[in-house]
Amino acid sequence: MEEQEFTPKIVGFLCNWCAYTAADTAGVSRLQMPPSVMVVRVMCSGRVDPLFVLSAFLRGGDGVLVAGCWPGQCHYQKGNFHARRRAAMLKSIFETLGLEMGDRFRLSWVSASEAPRFAEVAKGFTEEVKQLGPSPIWDEVFL
Amino acid sequence: MPEGLKINKGAQEAVRELLCSLLESGRVNGVLALGRTRGANGGVAYSLFTDSDAFVADGAALPFLPFMPANAGGLLSRLTLKGSLAGPVAAVVKPCELRAFIELVKRSQGSLDNLLLISSTCGGVYPLDVGANGGLEERLPRYWEAVKQGEVDSDVRPVCRACVHFVPENADITVALVGEEDLDTQCTLFLDTEKGAAFVKGLEGLQGTSLSGELETEPIQRSHSQRAAYREELFAGVEVGMQELIRTFGRCIGCHACKTVCPICYCSLCYFDSQDCEYLPEIYESELERKGGLRLPPNTVFFQLGRLAHVSVSCVGCGMCTDVCPADIPVSTIFSKVGTSVQALFDYQPGKDVTEEIPLMTFEEEELAQVAT
Amino acid sequence: MNDKGAILPAENGVEAAVVGWLKEALNKKVFDALLMPVQVPAGDSFAYLLLQNPALLENGSPLPPVMPVQGARAISRLTMRGNGSKRIAAVVRPCEARAAIELTKLEQAHLDNLWLITVDCPGVLPLSDYLDDPAAGAARFVEASQHWDRAPMRPVCQICHRFSMPASDLHVGTLGSADGAVFVIPGSPKGERVLESMDMPVDAALDDWAAQVKEMEEAQTERRQQAHADLRAGIAGPDGLLDVFSDCINCHNCQRVCPVCYCRQCYFESAALKLPPENYLTRSKRKGALRFPPDTLLFHIGRASHMILSCVSCGACEDACPMSIPVAQVFRLLADRAQETFGYVAGKSLDDPLPLVAYEMDEFHQVEQPYVEIYHKREVQDA
Amino acid sequence: MSDEQEFEPRIIYFLCSWCGSGGGETAAAHHLHYPENVRPSRVNCTGALPAVHIIRPLIEGADGVVISGCYPGDCHYNDGNFRARRRVALVKSILDTLGLEPERVWFRYVAHGEGQRFVDTATEFNDHIKKLGPNPLKTRSDT
Numbered sequence: 000m001e002e003q004e005f006t007p008k009i010v011g012f013l014c015n016w017c018a019y020t021a022a023d024t025a026g027v028s029r030l031q032m033p034p035s036v037m038v039v040r041v042m043c044s045g046r047v048d049p050l051f052v053l054s055a056f057l058r059g060g061d062g063v064l065v066a067g068c069w070p071g072q073c074h075y076q077k078g079n080f081h082a083r084r085r086a087a088m089l090k091s092i093f094e095t096l097g098l099e100m101g102d103r104f105r106l107s108w109v110s111a112s113e114a115p116r117f118a119e120v121a122k123g124f125t126e127e128v129k130q131l132g133p134s135p136i137w138d139e140v141f142l
Numbered sequence: 000m001p002e003g004l005k006i007n008k009g010a011q012e013a014v015r016e017l018l019c020s021l022l023e024s025g026r027v028n029g030v031l032a033l034g035r036t037r038g039a040n041g042g043v044a045y046s047l048f049t050d051s052d053a054f055v056a057d058g059a060a061l062p063f064l065p066f067m068p069a070n071a072g073g074l075l076s077r078l079t080l081k082g083s084l085a086g087p088v089a090a091v092v093k094p095c096e097l098r099a100f101i102e103l104v105k106r107s108q109g110s111l112d113n114l115l116l117i118s119s120t121c122g123g124v125y126p127l128d129v130g131a132n133g134g135l136e137e138r139l140p141r142y143w144e145a146v147k148q149g150e151v152d153s154d155v156r157p158v159c160r161a162c163v164h165f166v167p168e169n170a171d172i173t174v175a176l177v178g179e180e181d182l183d184t185q186c187t188l189f190l191d192t193e194k195g196a197a198f199v200k201g202l203e204g205l206q207g208t209s210l211s212g213e214l215e216t217e218p219i220q221r222s223h224s225q226r227a228a229y230r231e232e233l234f235a236g237v238e239v240g241m242q243e244l245i246r247t248f249g250r251c252i253g254c255h256a257c258k259t260v261c262p263i264c265y266c267s268l269c270y271f272d273s274q275d276c277e278y279l280p281e282i283y284e285s286e287l288e289r290k291g292g293l294r295l296p297p298n299t300v301f302f303q304l305g306r307l308a309h310v311s312v313s314c315v316g317c318g319m320c321t322d323v324c325p326a327d328i329p330v331s332t333i334f335s336k337v338g339t340s341v342q343a344l345f346d347y348q349p350g351k352d353v354t355e356e357i358p359l360m361t362f363e364e365e366e367l368a369q370v371a372t
Numbered sequence: 000m001n002d003k004g005a006i007l008p009a010e011n012g013v014e015a016a017v018v019g020w021l022k023e024a025l026n027k028k029v030f031d032a033l034l035m036p037v038q039v040p041a042g043d044s045f046a047y048l049l050l051q052n053p054a055l056l057e058n059g060s061p062l063p064p065v066m067p068v069q070g071a072r073a074i075s076r077l078t079m080r081g082n083g084s085k086r087i088a089a090v091v092r093p094c095e096a097r098a099a100i101e102l103t104k105l106e107q108a109h110l111d112n113l114w115l116i117t118v119d120c121p122g123v124l125p126l127s128d129y130l131d132d133p134a135a136g137a138a139r140f141v142e143a144s145q146h147w148d149r150a151p152m153r154p155v156c157q158i159c160h161r162f163s164m165p166a167s168d169l170h171v172g173t174l175g176s177a178d179g180a181v182f183v184i185p186g187s188p189k190g191e192r193v194l195e196s197m198d199m200p201v202d203a204a205l206d207d208w209a210a211q212v213k214e215m216e217e218a219q220t221e222r223r224q225q226a227h228a229d230l231r232a233g234i235a236g237p238d239g240l241l242d243v244f245s246d247c248i249n250c251h252n253c254q255r256v257c258p259v260c261y262c263r264q265c266y267f268e269s270a271a272l273k274l275p276p277e278n279y280l281t282r283s284k285r286k287g288a289l290r291f292p293p294d295t296l297l298f299h300i301g302r303a304s305h306m307i308l309s310c311v312s313c314g315a316c317e318d319a320c321p322m323s324i325p326v327a328q329v330f331r332l333l334a335d336r337a338q339e340t341f342g343y344v345a346g347k348s349l350d351d352p353l354p355l356v357a358y359e360m361d362e363f364h365q366v367e368q369p370y371v372e373i374y375h376k377r378e379v380q381d382a
Numbered sequence: 000m001s002d003e004q005e006f007e008p009r010i011i012y013f014l015c016s017w018c019g020s021g022g023g024e025t026a027a028a029h030h031l032h033y034p035e036n037v038r039p040s041r042v043n044c045t046g047a048l049p050a051v052h053i054i055r056p057l058i059e060g061a062d063g064v065v066i067s068g069c070y071p072g073d074c075h076y077n078d079g080n081f082r083a084r085r086r087v088a089l090v091k092s093i094l095d096t097l098g099l100e101p102e103r104v105w106f107r108y109v110a111h112g113e114g115q116r117f118v119d120t121a122t123e124f125n126d127h128i129k130k131l132g133p134n135p136l137k138t139r140s141d142t
């Protein structure tokens with residue numbers, strides 16, 4: 000990655016009802032966002048399997064963002080609650096094993112109407128990942 | 000104060016006698032217990048006994064051998080998977096096996112109906128390769144000496160020396176072993192549940208004086224703190240960081256044996272063995288372009304992290320995964336350490352209570368506020 | 000057997016020569032990528048890497064002291080769903096090449112864009128011995144392999160008689176070669192084209208290499224027959240057989256590491272053997288007791304009935320057994336005898352059809368039980 | 000009653016559904032008797048009988064397994080009996096190598112109309128197994 004301006008590759012799992020809509024509205028209303036978030040639309044943040052997050056990291060992703068509806072607003076009532084527990088478990092695993100992925104993994108609640116918040120989350124997280132630099136296992140052969 | 004029974008016979012012998020009379024009286028149809036297969040160096044295996052001769056003099060059944068050829072929790076799941084037992088069956092299992100079975104029952108992989116669960120305070124077991132080279136026999140005297148003092152023999156598996164749940168909680172009958180000086184001549188059974196008491200009450204051929212005593216004796220508390228200290232030391236020894244993880248699993252040959260023997264890993268077709276992980280050549284080639292090289296078979300670290308994500312919440316630290324690893328990787332130390340921290344996060348102890356939901360299957364409205372930012 | 004080969008200078012050893020040659024082939028774009036064993040970062044084992052970055056070749060080892068992963072498993076994972084576009088050179092052992100050929104016939108691998116490159120094989124150390132002390136193991140291996148001493152190697156390697164010239168595309172002959180040079184022998188038109196593009200003249204006579212290989216094969220075959228006889232005496236009959244497998248804990252490691260056992264879900268782990276509790280209790284009453292998990296002997300004999308005709312006796316199963324059961328030796332004995340019955344050698348050539356797939360109208364009459372007339376006559380008298 | 004009389008072998012008789020069981024039906028039509036301890040078990044074609052289904056009875060409690068299907072060339076599926084013949088050859092080779100009495104497995108052709116031959120095979124095999132004695136594996140608790 001030549002050093003001109005490192006734009007991190009962030010895989011964003013956005014829940015179809017809230018986060019994806021917010022992202023879409025942010026795009027439509029031309030809010031300034033770094034082009035670093037590669038969006039994967041999922042029906043609910045509860046649909047995000049820990050293996051998706053691990054696979055995104057081990058395939059060279061610099062960061063993973065899971066964004067869903069605010070607790071209590073989930074279209075399926077409890078999807079985001081499960082997502083929260085899974086994220087907590089994953090963070091605990093990363094922390095116990097001293098993996099930097101823990102800092103590169105973020106769970107955010109973004110309601111459908113909060114386009115500016117989504118832009119803010121995208122910008123803030125991209126900045127955070129930029130500080131951490133490219134993923135150390137980007138070209139790890141023995142994974 | 001739990002109601003107990005004191006039998007003036009050695010623990011192994013007393014329990015064999017109990018099982019023999021249970022079978023003969025027809026109170027149980029079968030007994031799952033450790034025993035010697037007929038082999039020359041007498042391989043040790045779990046067996047489903049239905050003939051009481053196995054429990055007399057030189058019978059094959061030896062319930063308290065310090066050896067774990069398979070996790071009996073997984074075996075009880077195999078026994079009761081396709082329907083609960085019609086008639087009662089007894090099983091002599093170690094505390095971690097009992098906890099593994101309860102975790103499996105929560106996943107509807109077995110049922111507790113008609114099962115008489117007999118367990119004991121556990122002094123740990125020897126690694127598989129000790130048994131493989133016939134080294135079990137000569138270690139028995141040393142093992143029982145350590146158990147009497149409430150110590151753990153140094154040859155015992157690290158994961159057992161670090162086990163803080165060596166006192167069973169859900170057994171119908173608990174046999175006191177750890178810290179019992181006179182376990183060669185005396186045997187104390189605690190009847191933890193009515194079911195346990197019902198099975199034993201009025202069982203002819205079993206002379207014992209009833210007593211009420213405390214399972215948590217002083218040697219057990221001492222052993223508990225010793226093991227907890229060893230556990231800190233063992234967990235501190237785990238090399239953390241991605242590069243260290245890659246070095247630790249460098250030797251992994253991708254045989255997935257740790258998954259096969261893990262009682263909590265019950266999927267009939269694991270994600271990592273399924274078509275989802277049989278990639279098209281183009282995917283290998285694009286990875287090759289990006290990284291200049293990739294390991295085959297793939298997903299070595301991904302398999303370990305993925306299995307951790309699935310199992311860590313219920314890992315009971317039974318140590319089978321390290322035992323079967325052909326590459327001598329300390330898998331169970333890593334899984335126990337991560338399991339302990341994940342379980343602490345949800346304040347959950349696997350195998351403690353069959354009615355308690357598995358943490359990832361339930362939630363609280365207000366919790367873990369620090370996770371989402 | 001091709002009677003001419005090319006000369007490859009090898010002053011500082013076979014491994015260095017082969018790695019150098021591969022690097023040159025990569026630079027010349029003869030191959031797009033290599034698949035070969037490479038030492039892992041911790042230096043305590045080897046892993047198969049698909050690589051195109053020559054820097055990774057530094058730790059590459061065509062003849063590692065140990066076989067943690069069976070090469071055919073790596074080849075199968077890579078080419079299971081098609082040939083791919085890259086031209087790949089796979090540097091594997093003769094038994095791994097034979098297993099790859101079997102897997103191709105079993106439609107689990109595609110070798111059109113893949114060159115099998117093998118080297119005369121001195122055998123490998125048992126995995127557990129090596130892992131106890133990798134550095135000492137490597138030294139012990141180099142010392143023993145120099146003068147073809149197979150004593151420290153695995154039991155199946157000690158009596159391997161197919162250590163040279165399998166049906167691979169290119170074979171490096173190290174036996175009988177003068178110091179400082181080895182032969183590179185093409186085994187197929189694909190192999191010849193590679194030697195042409197590497198402008199290596201295929202003109203060296205291979206007589207003394209072939210003679211030495213033949214002589215060693217005869218010695219090994221005789222040792223193998225002796226080993227068969229000894230083993231069979233020990234394990235024949237229920238007692239002997241159940242003694243061997245009395246330590247088995249049903250972890251099925253031997254099935255998972257076996258290159259030709261490719262089923263995603265093994266019959267012996269499927270629902271067919273997971274039965275209601277009453278079944279286990281009835282079987283226990285009939286047999287006196289029932290080993291649990293049950294079906295240990297059924298697993299081993301049943302697995303043999305599935306794959307024994309494709310078994311290349313590579314010894315991976317014995318390496319993976321946590322209970323040190325001589326699985327590979329038992330399966331090698333079963334394989335040799337079963338394949339002999341069908342006149343088939345596993346992995347010998349892509350053209351030999353799989354024995355259980357092909358058939359003749361007129362064959363195996365010794366299996367058909369002749370009809371004895373006397374029973375019919377007795378029927379007439381009684382009537 | 001000598002020991003041989005008392006020992007009543009448990010025999011599994013695999014019959015292909017076209018010729019083998021046809022022989023059975025013809026035998027029934029002619030009221031021919033065959034020993035009761037021979038248990039017929041119908042398979043679509045002898046070629047459809049996996050090797051494991053020959054081995055499993057021998058371990059779990061059968062004293063003998065006999066397989067009857069169509070004559071070469073008569074098979075409803077053209078080559079089922081050829082494959083079966085090879086598979087039985089393989090099973091016999093394995094049992095022989097392991098010293099587990101391959102003669103407890105028989106393979107004999109029975110055509111649809113050969114009721115007599117079906118009954119004779121059952122009787123002959125029953126006597127053969129009586130001579131051989133009980134299968135040692137069936138009472139082994141460590142199989």
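Protein chains in written order, with numbering that gives the first Met the number 0: chain G, 0 to 142; chain E, 0 to 372; chain Z, 0 to 382; chain W, 0 to 142.
Note that beta-carbon positions come from the ideal geometry of N, C-alpha and C, so glycine has one too.
Selected residue, minimal CA-CA separation from residue i, among the options
{"i": "Y261 (chain Z)", "options": "Z:F363, Z:L113, Z:W208 and Z:S309", "result": "Z:S309"}
{"i": "N223 (chain Z)", "options": "Z:V29, Z:A334, Z:Q211 and Z:K22", "result": "A small fix is needed here, since residue 223 (chain Z) is Arg in this sequence, not Asn. Residue Z:A334 is the option with its Cα nearest to R223 (chain Z)."}
{"i": "A227 (chain E)", "options": "E:E203, E:P358 and E:V158", "result": "E:V158"}
{"i": "D128 (chain E)", "options": "Z:P354, Z:P185, Z:P321 and Z:P325", "result": "Z:P321"}
{"i": "R263 (chain Z)", "options": "Z:A54, Z:V39 and Z:R76", "result": "Z:R76"}
{"i": "P126 (chain E)", "options": "E:E144, E:G204, E:P65 and E:D191", "result": "E:P65"}
Beta-carbon proximity check, residue i vs residue j, cutoff 8 Å
{"i": "L99 (chain W)", "j": "S304 (chain Z)", "result": "no"}
{"i": "V323 (chain E)", "j": "C257 (chain E)", "result": "yes"}
{"i": "L106 (chain G)", "j": "R83 (chain G)", "result": "yes"}
{"i": "L78 (chain E)", "j": "L31 (chain E)", "result": "yes"}
{"i": "K8 (chain G)", "j": "S35 (chain G)", "result": "yes"}
{"i": "F45 (chain Z)", "j": "P36 (chain Z)", "result": "yes"}
{"i": "P280 (chain E)", "j": "R72 (chain Z)", "result": "no"}
{"i": "L188 (chain E)", "j": "V177 (chain E)", "result": "no"}
Rounded separation between residue i and residue j - CA only
{"i": "V243 (chain Z)", "j": "R139 (chain Z)", "result": "29 Å"}
{"i": "R26 (chain E)", "j": "M306 (chain Z)", "result": "45 Å"}
{"i": "I263 (chain E)", "j": "V68 (chain Z)", "result": "26 Å"}
{"i": "F200 (chain E)", "j": "T372 (chain E)", "result": "For the record, residue 200 (chain E) in the displayed sequence is Lys; it is not Phe. Answer to the nearest angstrom: the Cα atoms are 59 Å apart."}
{"i": "A39 (chain E)", "j": "G12 (chain Z)", "result": "Low confidence applies here, because A39 (chain E) scores a pLDDT of 49, under 50, leaving its location unreliable and the question unanswered by this model."}
{"i": "G42 (chain Z)", "j": "P133 (chain Z)", "result": "8 Å"}
{"i": "F330 (chain Z)", "j": "Q225 (chain Z)", "result": "16 Å"}
task: Any chance you could list the alpha helix (DSSP H) runs of at least 4 consecutive residues sitting entirely within the stretch 76-134 of chain Z, in chain order?
output: 93-104 and 126-131
message: At a CB distance below 8 Å, what residues from the stretch 128-141 of chain W approach chain E? Give them in sequence order.
response: R139, S140 and D141
query: Using a Cβ cut-off of 9 Å, which residues of the stretch 278-306 of chain E contact any Cβ in chain G, in chain order?
result: E286, R289, K290, G291, G292, L293, R294, P297, N298, T299, V300, F301, L304 and G305
- prompt: Mind pulling the alpha helix (DSSP H) runs of 4 or more residues that sit fully within the stretch 300-329 of chain E?
  reply: 319-323
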